[in-house]
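Asker:
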Amino acid sequence: MPPIPESLISDARIAEVHGTANFGTTAPRDVVSQALLKVACSYHNGSTALRILLEHGLVSGDPIKILAMGSRTAPKLTASGRSYLWSSFHAVCHTKTHEEAGSEMISDAEIAEALGGADFGVLPARVAINESLLRQVCRYQNGDLVLSIMSRLGLTRDDKYNLTDIGRRYLWACLAN
Numbered sequence: 000m001p002p003i004p005e006s007l008i009s010d011a012r013i014a015e016v017h018g019t020a021n022f023g024t025t026a027p028r029d030v031v032s033q034a035l036l037k038v039a040c041s042y043h044n045g046s047t048a049l050r051i052l053l054e055h056g057l058v059s060g061d062p063i064k065i066l067a068m069g070s071r072t073a074p075k076l077t078a079s080g081r082s083y084l085w086s087s088f089h090a091v092c093h094t095k096t097h098e099e100a101g102s103e104m105i106s107d108a109e110i111a112e113a114l115g116g117a118d119f120g121v122l123p124a125r126v127a128i129n130e131s132l133l134r135q136v137c138r139y140q141n142g143d144l145v146l147s148i149m150s151r152l153g154l155t156r157d158d159k160y161n162l163t164d165i166g167r168r169y170l171w172a173c174l175a176n
């Protein structure tokens with residue numbers, strides 16, 4: 000994963016918040032990035048990862064409700080959480096491995112049909128879709144054409160920031176390690 004700017008969260012702060020938490024061989028910054036991606040995809044994190052995200056201020060919500068066993072209260076990404084998520088995965092959208100990761104879920108033919116002749120210039124269509132989907136969960140601006148294409152692919156709902164189940168699974172497939 001590309002390095003996260005120290006301006007978002009310092010290494011000292013990461014070490015302080017993680018304390019003695021043990022995630023095996025996964026680097027603390029990668030733990031934060033993967034946990035944020037799980038929140039963005041509406042997947043569940045373990046309580047330790049959620050506590051770390053809450054402590055960093057990367058997600059918001061009532062900690063008691065979020066951490067309660069069987070709770071349906073989902074954490075929400077904060078502005079700093081969205082910035083961290085974008086910094087963690089933006090460059091990853093452009094790697095060949097991640098570009099092809101979602102090809103089993105959505106074929107190139109389906110993407111070509113949804114594009115309807117639209118052209119993203121030198122950027123391959125699948126990379127543009129992957130990056131645009133990440134922009135959606137980070138609540139960054141996408142153009143109407145891109146929103147329409149993602150809707151036609153079944154990745155987003157009418158409310159432009161809500162991903163469908165397929166959209167969440169596709170995002171996870173494209174960006175998770």
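When the letters of the sequence shown are read in order and numbered with numbering that gives the first Met the number 0, they come out as residues 0 to 176. Built from N, CA and C at the ideal position, the CB exists for glycine as well. Given the structure is predicted, the values throughout are model-derived calculations rather than measurements.
(1) Going along the chain, which residues of its own chain have a beta-carbon closer than 7 Å to the beta-carbon of residue 163, five neighbours each way excluded?
(2) Measuring alpha carbon to alpha carbon, tell me which of 171, 10, 78 and 37 ends up nearest residue 92.
(3) If we count the other Cβ atoms within 10 Å of its Cβ and call it buried at 16 or more, is residue 101 buried or exposed?
(4) Determine the closest residue to residue 138 out of 118, 161, 33 and 119, with distance taken between C-alpha atoms.
(5) In angstroms, rounded to a whole number, what distance separates the CA positions of residue 17 and residue 126?
(6) Give me the DSSP bridge partner(s) of residue 75.
(7) Please check the pair residue 62 and residue 53, which I expect to be a contact at CB under 8 Å, by giving their CB distance rounded to whole angstroms.
(8) For residue 130, count neighbouring Cβ atoms within 10 angstroms of its own Cβ and tell me buried if that reaches 16, exposed if not.
(9) Would you grab the beta carbon distance between residue 47 and residue 20 for me? Rounded to a whole angstrom, and I think it's under 8 Å.
(10) Would you kindly report the start and end of the unbroken alpha helix (DSSP H) that includes residue 110?
(11) Report buried or exposed for residue 177, applying the criterion of at least 16 other Cβ atoms within 10 angstroms of its Cβ.
(12) Could you tell me which residues DSSP pairs with residue 162 in its beta bridges?
(13) With a threshold of 7 Å on Cβ separation, who are the neighbours of residue 58 within its own chain once the five nearest residues in sequence on each side are excluded?
(14) Less than 9 Å separating the beta-carbons of residue 128 and residue 165?
Answerer: Straight from the coordinates:
(1) Along the sequence shown, one-based indexing puts residue 163 at 164. For residue 163, where only same-chain residues beyond five positions count, the Cβ hits under 7 Å are 153, 154, 155 and 156.
(2) The count along the sequence shown starts at 1 and reaches residue 92 at position 93. Ranking the options by Cα distance to residue 92, first place goes to 171.
(3) Looking up residue 101 in the sequence shown gives position 102. Counting Cβ neighbours within 10 Å, residue 101 comes out buried, since at least 16 surround it.
(4) Against the sequence shown, residue 138 aligns to sequence position 139. Taking only the C-alpha atoms, the option nearest residue 138 is 161.
(5) As a first step, residue 17 must be located in the sequence shown, where it is residue number 18. As a first step, residue 126 must be located in the sequence shown, where it is residue number 127. Cα-Cα distance, rounded: 33 Å.
(6) For the purposes of this step, residue 75 is taken as residue 76 along the sequence shown, with counting starting at 1. Answer by DSSP bridge pairing, in chain order: 59.
(7) Looking up residue 62 in the sequence shown gives position 63. Looking up residue 53 in the sequence shown gives position 54. About 5 Å separates the two Cβ atoms, so the contact holds.
(8) Indexing the sequence shown from 1 puts residue 130 at position 131. When all chains shown are included, residue 130 counts as buried.
(9) Within the sequence shown, the letter at position 48 stands for residue 47. Within the sequence shown, the letter at position 21 stands for residue 20. Residue 47 to residue 20, Cβ: 5 Å. Contact.
(10) Here residue 110 is taken as the residue at index 111 of the sequence shown, counted from 1. Per DSSP, residue 110 belongs to the alpha helix (DSSP H) from 107 to 114.
(11) Outside the displayed span of the chain (0 to 176) sits residue 177, for which this structure offers no information.
(12) As a first step, residue 162 is located in the sequence shown; it is residue number 163 there, counting from the start. According to DSSP, which records beta bridges pairwise, residue 162 is partnered with 155.
(13) In the sequence shown, residue 58 corresponds to position 59, counting from 1. The residues are 38, 52, 74, 75, 76, 77 and 80.
(14) Residue mapping note: residue 128 aligns to position 129 of the sequence shown, counting from 1. Residue mapping note: residue 165 aligns to position 166 of the sequence shown, counting from 1. Taking 9 Å as the Cβ cut-off, residue 128 and residue 165 do not qualify as a contacting pair.
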